[in-house]
Each structure stands twice: as structure tokens, then as C-alpha cells.
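Novice: One structure, as C-alpha cells, below. Some questions next.
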Amino acid sequence: MRKLLWTILLAFAITALAACNSGTNKETEKPKETQKVPQPLKAVLEVPEKAAVKEEINMKVTVSQGDEKVADADKVAFEVWEDGKKEESKMIKAKNNEDGTYEAKTAFDHDGLFTVQVHIDARALHTMPLKPVTVGEGAAVPEGGEHHEHGEQAEHHHHGDHSADFSMHFIKPENVKANNATPLTVHLQLKEVPLENAQVRYEIWNNSHPDKHDWVDVKENKPGEYSGSYTFADAGTFIVKVHVENKAGLHEHEEHQLEVTK
Numbered sequence: 003m004r005k006l007l008w009t010i011l012l013a014f015a016i017t018a019l020a021a022c023n024s025g026t027n028k029e030t031e032k033p034k035e036t037q038k039v040p041q042p043l044k045a046v047l048e049v050p051e052k053a054a055v056k057e058e059i060n061m062k063v064t065v066s067q068g069d070e071k072v073a074d075a076d077k078v079a080f081e082v083w084e085d086g087k088k089e090e091s092k093m094i095k096a097k098n099n100e101d102g103t104y105e106a107k108t109a110f111d112h113d114g115l116f117t118v119q120v121h122i123d124a125r126a127l128h129t130m131p132l133k134p135v136t137v138g139e140g141a142a143v144p145e146g147g148e149h150h151e152h153g154e155q156a157e158h159h160h161h162g163d164h165s166a167d168f169s170m171h172f173i174k175p176e177n178v179k180a181n182n183a184t185p186l187t188v189h190l191q192l193k194e195v196p197l198e199n200a201q202v203r204y205e206i207w208n209n210s211h212p213d214k215h216d217w218v219d220v221k222e223n224k225p226g227e228y229s230g231s232y233t234f235a236d237a238g239t240f241i242v243k244v245h246v247e248n249k250a251g252l253h254e255h256e257e258h259q260l261e262v263t264k
């Protein structure tokens, strides 16, 4: 009988101790911190609306995040191209003034309509505002017709009401080798903010076999950045066509040519 009594008392003691420990754990357990969504980058691009032929112009961008100036951007570069010739664009590395502003200079050797777009990578975010520049007399108007659209929208096939505010930057890979997985990345922006939750696919074909097209699905790694990979089976000239759609009716595409070696 005494042995049974001690067994019951011991069981009560163990139960009470467990309840005590459980209460202590609940009291001392810290609530999980909610993950903060980083504030977007804001980039104010300054370029002249007009420039003379061979006149050196200044390109400047001021980068901020919330109320803070971003003086530690990982990469800032200005891309410049003539209307309808984005494949021939040139990249100009910006100088960091260490006060949130970044600058570079350029000049144009003939009349035409040009676009200046700045690409900013900072704090795991990307933004890429652009502005047009009219050089000299601007673009010549063909006899009996009008000149084509100005700016990057001339490079896209598009539908819907958003296309004028849409921007695409395909990061063209270098030294592409056959039989090696090649990363393919594109940055998308709408109204100067990253375009999220878009459906992005790459259509890829070889000029030697134009009837055979491969399709590559692309994932969004971070807001507005979409990446995938593709292994080119042979050397040669390939076309990578970037297709972009979203639920709001946006439909854009842009072609890029890649030279693949053995």
C-alpha cells in the first residue's frame, strides 16, 4: 500500500513539473519576427532632352531607398542606343560620387532619336529608368511616311495600355559554349517599378534550323528579375526571344542574337 502511495505521489510530481516547464517555455518563447519587405529603390535620372551632334552630355542618377540616399550600389551603368538599334547599344560605367548620385558622360556622332537607360543593382534590388534624347535634327522622316516609335517600345511587339511604361533588360551572356548550361536572366519594369508575377518564357532556335524551336520556362528569383538556363546543343548563331505576359493583358517580346562556340 505504501509503495502504491509513493508511486502515485511521484506521478503527480512529474506531471506538475512538466506543466511548470511547459508554462515557462510559453512565457519565455519569443514571438517570431515578421520578415520586413525592403523598400523599393527610387532612381531619378537626369539627362538633357536635346543635344547637339558631338556635344558631350552629362548623365546623372540619384538613388535612394526610403529617406536614405544609396551610396553603396553594387553596379550602376548607363545604356545608350539609337531608336530601333538597341542591339547596338553601349554600356557606360558610372562614377560613384558617394553621396547617392552616379554620373557618366557620352556624346552622339549624328542626328537621331536616342534612349538613355540607367541600370542600378543595389541592396539585392534592381531598377532601370530611361529617358529619350533628341540629337540634332532628330530622326529623319521617310518620304511618304512617319518615323517609327521612339524609345524602347519600338523594340517590342506589344498589346494593351501599359507598353509605353514597360522596360525590359536582357542580360546577354558572354562566351557561350555548346553543351554547357547557360544562365539567362532578364529584368522587367513597369512604370519604373519591378514587374512582378509575370509569365516569362524564352523561345530559342538556331538560324541553321529555324523550324526547331525550344521553350524555356523562367522563374522569378526576386522582384522583377527572371532567370532560367539553357544548354545549347551545337555551336552556331542562336536567337533568344523573350516573351512576357501578365494577367493585366501585357504582352511583350524582344529578340536577342547569341553566338555559341564549341
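Using the numbering used here, the first residue of the sequence shown is number 3, and each one after it goes up by one.
Backbone N, C-alpha and C fix where the C-beta goes; we use that ideal spot for every residue, glycine too.
Contact defined as beta carbons within less than 8 Å: I believe ILE59 pairs with VAL49. What is the distance between those atoms, to the nearest angstrom?
Specialist: Right, their Cβ atoms sit about 7 Å apart.
Novice: Whose C-alpha, out of ALA126, VAL135, ALA235, LYS88, is nearest the C-alpha of ALA109?
Specialist: For the residues ALA126, VAL135, ALA235, LYS88, the minimum Cα distance to ALA109 belongs to VAL135.
Novice: Check whether chain C comes within 9 Å of ASN199, counting only Cβ atoms and requiring the distance to be less than that.
Specialist: The structure shown contains no chain C, having only a single protein chain.
Novice: Would you report the Cα separation of ALA156 and ASN223, rounded to the nearest angstrom?
Specialist: Any answer about ALA156 is weak, because its pLDDT of 37 lies below 50 and its placement is not dependable; what the coordinates show is given next. If you take the alpha carbons of ALA156 and ASN223, they lie about 28 Å apart.
Novice: Leaving out five residues before and five after THR26 in sequence, what residues of the same chain have Cβ atoms less than 6 Å from its Cβ?
Specialist: Its pLDDT being 49, under 50, THR26 is placed unreliably by the model, and the measurement read from it follows with that caveat. Same-chain partners within the cutoff: there are none.
Novice: Between which residues of its own chain and LYS28 is the CB-CB distance below 7 Å, once the five residues before and five after are set aside?
Specialist: Low confidence applies here, because LYS28 scores a pLDDT of 48, under 50, leaving its location unreliable; read the following figure in that light. The answer is none, since no qualifying residue turns up.
Novice: Measuring only the C-alpha atoms, how far is ASP216 from LYS52?
Specialist: Cα to Cα, ASP216 sits roughly 43 Å from LYS52.
Novice: Figure out for me which residue from THR233, PRO131, VAL202 has the closest Cα to the Cα of LYS221.
Specialist: Selected option, being the one with the closest Cα: VAL202.
Novice: If you drop the 5 nearest sequence neighbours on each side, which residues of the same chain put their C-beta closer than 6 Å to that of THR233?
Specialist: Here the set comprises ALA183.
Novice: Tell me whether LYS88 is buried or exposed, calling it buried when 16 or more other Cβ atoms sit within 10 Å of its Cβ.
Specialist: The residue is buried, with at least 16 neighbouring Cβ atoms inside 10 Å.
Novice: With DSSP run on the structure shown, which of helix, strand or coil describes GLU81?
Specialist: GLU81 falls in the strand class under three-state DSSP.
Novice: Using 9 Å as the threshold, is the C-beta distance between VAL78 and ALA141 below it?
Specialist: No, the Cβ-Cβ distance between VAL78 and ALA141 is not below 9 Å.
Novice: Per the DSSP calculation, VAL188 is bridged to which residue(s)?
Specialist: PHE172, TYR228.
Novice: Terminal residues of the continuous beta strand (DSSP E) containing PRO42?
Specialist: Neither: PRO42 is in no beta strand (DSSP E) and is coded neither H nor E.
Novice: Taking the alpha-carbon positions, what's the ASN181 to GLN259 distance?
Specialist: If I take the Cα positions, the gap works out to 18 Å.
Novice: Tell me which residue opens and which closes the beta strand (DSSP E) that GLY114 is part of.
Specialist: Unbroken beta strand (DSSP E) run through GLY114: 114-124.
Novice: Using 9 Å as the threshold, is the C-beta distance between GLU81 and LYS92 below it?
Specialist: The answer is yes: Cβ separation under 9 Å.
Novice: On the DSSP bridge list, what partners appear for ASN60?
Specialist: Answer is LYS107.
Novice: Per DSSP, what are the beta-bridge partners of SER66 in this structure?
Specialist: LYS44, LYS71.
Novice: So, is ASP85 buried or exposed, given that buried needs 16 or more other C-beta atoms within 10 angstroms?
Specialist: ASP85 should be labelled buried.
Novice: Among TRP83, GLU57, ALA73, GLY226, which has the Cα closest to the Cα of HIS128?
Specialist: It is GLY226 whose Cα lies nearest to the Cα of HIS128.
Novice: What's the C-alpha gap between GLY162 and ILE206?
Specialist: Confidence is the limiting factor: at GLY162 the pLDDT is only 37, short of 50, which leaves the residue's position unreliable and the question unanswerable from this model.
Novice: Pull up the DSSP beta-bridge partners for GLU261, would you.
Specialist: Per DSSP, THR239.
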